[in-house]
Amino acid sequence: MRLLDSAGTVTLDMSIRPPYTLLALLNSFSLSFNSCPPTHKEGNVLDLVFTHPSPATDMTVTPLHISDHHLVSFTITLPVLPKRNSQHLSLTRRNLHSISPSSVASCTLSSLPDHESFSSLPLDSATDTLLSSLSSTMDLLYPLSTICKKNSSTAPWLSDVLRNNRRELRSEARKWKKSKLDTDLISYRTLLSLDVTSAKISFYKEKLETSAQDPRKLHNIFSSLLNPPAPPFPSSLTTEDFATFYTEKIERICQTFTSLPTSPTSHSQHSATPTLTQLSTVASEEVLQITRSCNPTTCPLDPIPSAMLQTISSDLLPFITTVINGSLTSGHVPTAFKKARVIPILKKPALDPSDISNYRPVSLLSFLSKILERIVCNQLSDYLMQNNLHDPNQSGFKAAHSTETALLAVTEKLHAARSAKLSSVLILLDLSTLRSLGICGTAWE
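To convert, count from 1 in the sequence shown and add 1311; that's our numbering.
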């Protein structure tokens, strides 16, 4: 809660003609006008008092001999300030600084059955056995521990050079506190500003240079500098609200698929095209190559850090390959791989955070499920490429294509139409929005 009180002198006589425009403007800022008796020796009300959120009480006017304006005194109720948060936070984590990949690999292998017995297990049982072995290994070697940490965020640009300059800064600060001279204060502020500015420049310069070849990282850096942080979730929205909303939305979208008419022409057009009815099993070498090439992002569903799994992947390769090939052969995704940690993110910063429809869900999947997804995606992409089934105008989720590719194609067609003295009409459709609104059937076609 913010407290605001404002007092000032106006050239309008409030007792004769109240300035309704001024009062309406201040009222739009939730400032309430507190009426008071005449505040000028001529009997006019020239001194006004506006407060927020509590009104002023016990307002008195005392004449002064040294001024033609009277002394205005009043009482306002101060809100109770919230208690400061504790300076320490309790964090539960694993001590991974001294982690040994060989110890993790040997302990995991000792808890797993032999490869022949593991291969005979059903797909879900084999997947759960592998994940539980990894999880129990981490609990045995690196159990969870609770530590207390100061509730303070360290600036990322705080470098060792700036830490070493603290002695000089403290010396300048002590010098100013003793002398109380403006020159010493200016010297201290100048030195502090130079050091902090230099540290920030060095930090962001190095960060931009290392991300020069990655447009996504560059975009994230500039977004963090130019855009404000996302607002916190309002207390009125709970996890159950998001779960119910997204479940109902999925059901509505599924209903639109069942109501879509089948197109007979599309089947006859591609009748000669071979169908993809079975996914092929993969060799251990391909699984190892994909595992090590994936971005090692870790989510709470992973039993061990993804970077550690990449390191010991050669030791666990037979078991990982068995799970992957079992899924490809049966055509089913293991139940453990279907779980995701869903995080709602506001679609645009300017949207109302209390409206649940303004959020989009972001699903965090486990690392092993991403490996399976990559293998299936590779086989599906090869099938589409070999049979020339790719849409020539598709740019998203396509190698060597981006939004710039689609933009250049549209621009080229517009230029060609203009050169031929033809008219052009550009219609932009958000297909996901059409699905969520239940538009299907003839309107969809």
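Glycine included, every Cβ here is placed at the ideal spot set by N, Cα and C.
It should be emphasised that the depicted structure is a prediction, and the values quoted were computed from it without experimental measurement.
Practice task
Could you check which residue in Ile1656, Ile1654, Leu1657, Val1634 has the C-alpha nearest to that of Thr1646?
Solution key: Val1634
Handout entry: Buried/exposed call for Val1360, threshold 16 Cβ in 10 Å
Key = buried
Exercise for the section: Starting from Val1653, follow its DSSP beta bridges and name the residues at the other end. Expected result: Ser1674
Exercise for the section: Report, in whole angstroms, the separation of the C-beta atoms of Ala1416 and Ile1623, which I expect to be a contact under 8 Å. Expected result: 4 Å
Problem - Counted within 10 angstroms of its Cβ, other Cβ atoms place Ser1604 as buried (16 or more) or exposed - result: exposed
Handout entry: Range of the contiguous beta strand (DSSP E) that encloses Leu1359
Key = 1358-1363
Practice task
Note down the Cα distance separating Leu1737 from Arg1563, rounded to an integer number of angstroms.
Solution key: 29 Å
Practice task
Give me the Cβ distance between Gln1621 and Pro1607, rounded to the nearest whole Å; I'm assuming they're in contact under 8 Å.
Solution key: 6 Å
Exercise for the section: Identify the continuous alpha helix (DSSP H) that holds Asp1439 and give its terminal residues. Expected result: 1434-1452
Handout entry: For Lys1650, the nearest candidate out of Asp1439, Leu1639, Pro1348 (CA to CA)
Key = Asp1439
Handout entry: Three-state class that DSSP yields for Thr1646 in the structure shown
Key = helix
Exercise for the section: Would you kindly report the start and end of the unbroken alpha helix (DSSP H) that includes Asn1636? Expected result: 1628-1641
Handout entry: Alpha-carbon spacing of Leu1628 relative to Ser1595, whole angstroms
Key = 7 Å
Practice task
Check each candidate in Pro1585, Leu1718, Ala1618 and name the one with the smallest Cα separation from Asn1410.
Solution key: It should be pointed out that residue 1410 corresponds to Ile in this sequence rather than to Asn. Of the candidates Pro1585, Leu1718, Ala1618, the one whose C-alpha sits nearest the C-alpha of Ile1410 is Ala1618.
Problem - Three-way DSSP call (helix, strand, coil) for Asn1476 in this model - result: coil
Exercise for the section: For Leu1644, I'd like the list of residues in its chain whose CB is within less than 8 Å of its CB, leaving aside the five on either flank, ordered along the chain. Expected result: Reading off the sequence shown, one finds Val at residue 1644, where the question assumed Leu. Around Val1644: Ser1638, Ser1680, Leu1683.
Practice task
List the residues that DSSP assigns as beta-bridge partners of His1380.
Solution key: His1351
Problem - Backbone CA spacing between Leu1503 and Leu1480 [nearest angstrom] - result: 7 Å
Problem - At least 3 beta-carbon pairs within less than 8 Å: the region 1339-1358 vs the region 1372-1388 - result: yes
Exercise for the section: Determine, using beta carbons only, whether Phe1556 and Ile1667 come nearer to each other than 8 Å. Expected result: yes
Exercise for the section: Report the rounded CA-to-CA distance for Ser1674 versus Pro1664, giving the unit in angstroms. Expected result: 19 Å
Exercise for the section: Grab me the residues of Thr1403's own chain with a C-beta within less than 6 Å of its C-beta, minus the 5 sequence neighbours each way, in chain order. Expected result: Leu1455, Thr1457
Practice task
Identify which residue in Arg1671, Ala1731, Asn1704, Arg1478 has its Cα closest to the Cα of Ala1720.
Solution key: Asn1704
Problem - Cβ pair Thr1386, Asp1369 closer than 8 Å - result: yes
Handout entry: Ile1532 and Lys1518 closer than 8 Å at C-beta
Key = yes
Practice task
Taking only the alpha-carbon atoms, compute the straight-line gap between Trp1468 and Ile1631 and give it to the nearest angstrom.
Solution key: 41 Å
Handout entry: Alpha-carbon to alpha-carbon, Ala1335 and Cys1565
Key = 51 Å
Exercise for the section: Report the three-state DSSP secondary structure of Thr1584 (helix, strand or coil). Expected result: coil
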